[in-house]
Amino acid sequence: MRKSDLPYISIKEASEAIRSGEVSPVELTASAIDRIKRLNDVLNAYVSVFEQSAVEEATKAEAEIRAGKWLGPLHGIPLSLKDIFYVKDTITTAGSPILKDFRAEYDATAVRRLREAGAVFVGKTNLHEFAYGVTNVNPYFGPTKNPWNLDRITGGSSGGSAAAVAAGMCLASLGTDTGGSTRIPAALCGIIGFKPTYGLVSKHGVLPLAWSLDHVGILARSIWDVSILLEAIAGYDPMDSTTAFSKPFEVKRVEGLEVKKLRVGIPADEFLEPLQEDVGKLFWNSLEKLEAEGWQVHKLDFRYFEHVSACRYIVLLTEAASFHADWLRRSPELYSEELRHRLMLGLLVPSDVYLKAQRARKALVREFLRAMKEFDLIACPTTRVTAPRIGEEKILIKGTELGVRLALVRLTEPFNALALPAISMPCGMSKDGLPVGLQMVSKPFSDDLLLAAALAYEEITGNRYKRPPL
Amino acid sequence: MVHESEDLAKVIKAYLTLLGIHPSDEMLSKLSRDLNGVLKISKAFNDVVSHEEEPAIFFFSKVESDEKK
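In order, the protein sequences belong to chains S and V. What the first sequence shows, in numbering that gives the first Met the number 0, is residues 0 to 469, in sequence order. What the second sequence shows, in numbering that gives the first Met the number 0, is residues 0 to 68, in sequence order.
This is the structure in C-alpha cells:
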C-alpha cells in the first residue's frame, strides 16, 4: 500500500492493514491530520482538530493491538464528528456563537460506543447553523467548500463531515439527519450517507434540532464501512427514550442476505420532477442496470408526499422553536436573520396544528407502508440538482425556478417524517464534473436489507466513491 | 384581507412581546405572511386524519416503565 493512498483507504482495508502490521494506527492518524492541515484552509471542513488527543488515542490503540488486545475493525481508525455531538471536555458549538464556550461533560452515546470500539477522533466538522438548513453556509464559521468544485456548496447540514470524508481528511464521520442533512451532503460530495430507522441509534448527547425527526447519520466511502459503524453505534440506550428494543444490528446479516431480484418502487413524476437533466439521466441509467440484473422496477402508488413534507415542515418549525425559545429570548442577535425568523415562526404555530401534523404523520406512515407492501425498496435521486454555487438562492430546472433549499431537500425529507431507513450512494458524475446521488429507502428496521441492496447496487452499477481532484 | 393581515401582525407582535421577543416591523410582516402559509398547509391534513387518529408517538413504553423503577 502506498503512503499516498492512506487517506483514501476504506475502513475495511485500513483494519486489515492494521491487523497485519502493514499500517499502524499512528501512521493512519498522522496521515489524516496531515491532510487536514493541508486542506482545511481551502475546504473549511473542520471547526476543531484534536491533534494531540488523536495521536494519544492512536498510540494507545497501537500498544493494545500489539499486546493482542484487538477490539475489532474500528480499533485505531481515525474518524470525525459533526460539531453537534458531545465529546467530554471539548467544545460543541453546533455551528453557533451561542455555544462557543459550551464544554460537554460527557460523550454522546454514539461517541462513547465508537470510543469503546477503539476509534480515534481527529476533530469536529463544520455544519449549518444549529443543523437548521441544507447549504452549510455557516454565518459564524464560513461556508464549507465542495471538494469537487470550490465554488460550490457541500450541502448540509453535515457538510463538513461530507467534505472531510470525500477529501480523505478522515476515514468516516458521524453526522445527523433531520430532513436529509446526512444524505444531501453525501450526494453532493460523492460519498455514501446513511440514515438508520428512527430509534435504531441513540441521540443522547447530540444537540437536538427536532426531537421526533432527528437521526444520527453515517458518512463513509463504502457500504461495509457504513455497516461496521452502524454495528458499533446501534442499539437500545436507557439514556434515549426514543431508542427501540430491536435486535442488535450485525454486519454479517448484511453480508448474508440474498438480494437478487429486489422489487423497487419509484415515486410518481409529480414527486420527482423537476430533475436537472444529468441527475435524471444518471438515475434512470442506474435503474436500467439494476433491471438488467433482474431487479423489478415499478411505479409506487403513493399520492401523499406533499402531505408528508407539510408534516415535517410543521413538526420541524415547532420542535426547533421549543428547543431554542430561551436562547432566542436572551440572545436573538446571535442567530442569523434567517434562523431567527424560522424560530419565531415556530413559536407561533398553534398546538392544534402541531398535533394535527403528528396525527397526520401516523396516518401517512400507515399509508406509505401499505403502498410499500409490494416492494422491498423505494429509489429516487437524492437531490434534484448537483451542488449549487455558494450564495446561489434560486435554480432554474427545466424552466421551473426552485429555491435551493427545496431543490435539495424535497426528495429526502419525507423519509424523516416517515422514520424509514434511507441511504444516498454515488450515481455518477454530471457533465460539469459534479457528483450525483441515488437514494434508496426500505421498511422500518430493514436497515440490513437496505445496506445489502446498496452493496449489490455498488457491484451492479460500478458506482462507487471517487477521489476528488485535490 | 389587508385588515386581516394587519390584525394577525398585531396578534403576533403582542404574543412575541409577551414571550420577551421583539421582532422588527419588517419581520412581523414576513411572520404574518408565513404563519398564514403554515395554517393553509395544515388544512391539507384533513384529507388524511380521521377523528380517532392519535398523534405519532416515538417514545417506547418499555423505556418509560424502566425509568420509573
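Built from N, CA and C at the ideal position, the CB exists for glycine as well. Note that the structure is predicted; figures quoted are calculated from it, not measured.
Cβ-Cβ distances below 8 Å link Leu344/S to Leu316, Ala320 in the same chain, with the five nearest sequence neighbours on each side left out; the list follows chain order. Scanning its chain for C-beta atoms nearer than 8 Å, with the 5 sequence neighbours on each side dropped, one finds around Ala8/V the residues Leu27, Ser28, Leu30, Ser31, in chain order.
Listed in chain order, the alpha helix (DSSP H) runs fully inside the region 373-441 of chain S are 403-408, 413-416, counting runs of at least 4 residues. By the rule that beta-carbons nearer than 8 Å mark a contact, Ala8/V does not touch chain S. No Cβ of chain S is located within less than 8 Å of the beta carbon of Glu5/V. Check the Cα spacing between Ala243/S and each of Glu272/S, Leu199/S, Arg262/S, Gln275/S: the tightest is with Leu199/S. Near chain V, meaning a CB-to-CB distance below 8 Å, the residues of the region 294-321 of chain S are Tyr303, Glu305, His306, Ala309, Cys310, Tyr312, Ile313, Leu316. Among the CB atoms of chain V, one or more fall inside 8 Å of the CB of Pro331/S. Taking 8 Å as the cut-off, the Cβ atoms of Ile183/S and Thr382/S count as close.
In this chain, the beta strand (DSSP E) harbouring Pro77/S covers 77-81.
Of the candidates Val384/S, Val440/S, Ala359/S, the residue whose Cα lies closest to the Cα of His50/V is Ala359/S.
Assignment of beta strand (DSSP E) within the region 162-204 of chain S, counting only whole runs of 3 or more residues, yields 171-176, 191-194 in chain order. DSSP, reduced to helix, strand and coil, places Ile8/S outside both helices and strands of the structure shown, so it counts as coil. Counting C-beta pairs with one atom in each stretch, the region 394-403 of chain S and the region 424-433 of chain S have fewer than three that are closer than 8 Å, which means they do not touch. With a threshold of 8 Å between beta carbons, Ser41/V makes contact with chain S.
At a beta-carbon threshold of 8 Å, the residues of chain V lying near Arg358/S are Phe44, Val48, Glu52, Glu53, Pro54, Ala55, ordered along the chain.
The C-beta of Ala162/S comes no closer than 8 Å to any C-beta of chain V. Distance from the CA atom of Asp150/S to the CA atom of Gly390/S, rounded to whole angstroms, is 9 Å. Among the CB atoms of chain S, one or more fall inside 8 Å of the CB of Lys29/V.
When CB distances to chain V are screened at a threshold of 7 Å, the residues of the region 209-226 of chain S falling below it are Ser211, in chain order. Fewer than three Cβ pairs drawn from the region 102-119 of chain S and the region 303-317 of chain S lie within less than 8 Å of each other, which leaves the two stretches out of contact.
In the DSSP assignment, Ile32/S falls within the unbroken alpha helix (DSSP H) covering 24-42. Judged by beta-carbon spacing, Asp224/S lies within the 8 Å limit of Ile10/S, meaning their Cβ atoms are closer than that value.
The residues Leu5, Pro6, in chain order, have a CB closer than 6 Å to that of Ser30/S in the same chain once the five nearest residues on each side in sequence are set aside. Within the model, the alpha-carbon separation for Tyr334/S versus Leu98/S is close to 11 Å. When DSSP states are grouped into helix, strand and coil, Leu149/S belongs to the strand group. Of the residues Leu73/S, Pro443/S, Ser172/S, the one whose Cα lies closest to the Cα of Ile83/S is Ser172/S. Between Val440/S and Lys12/V, the alpha-carbon positions lie close to 43 Å from each other.
Excluding sequence positions up to five before and after Arg252/S, its CB lies within less than 6 Å of the CB of Asp447, all in the same chain and listed in chain order. Within the same chain, and ignoring the five residues on either side of Ala233/S in sequence, the residues whose Cβ sits closer than 6 Å to its Cβ are Leu199, Val200, Phe248. Counting only the Cα atoms, Tyr197/S lies some 13 Å from Glu412/S.
Bounds of any beta strand (DSSP E) do not take in Leu261/S, whose DSSP letter is neither H nor E. The beta carbon of Asp239/S sits closer than 8 Å to those of Thr108, Ser201, Lys202, His203, all from its chain and outside the five residues before and after it, given in chain order. Within the same chain, Cβ atoms closer than 7 Å to the Cβ of Ile227/S are found at Ile10, Pro72, Leu73, Val250, the five residues on either side in sequence being excluded. Burial of Thr92/S is indicated by the presence of at least 16 other C-beta atoms within 10 angstroms of its C-beta. Take Tyr456/S, set aside five residues on each side of it, and the residues of its chain with a beta-carbon closer than 8 Å to its own are Ser285, Leu289, Met424, Leu437, Met439, Asn462, in chain order.
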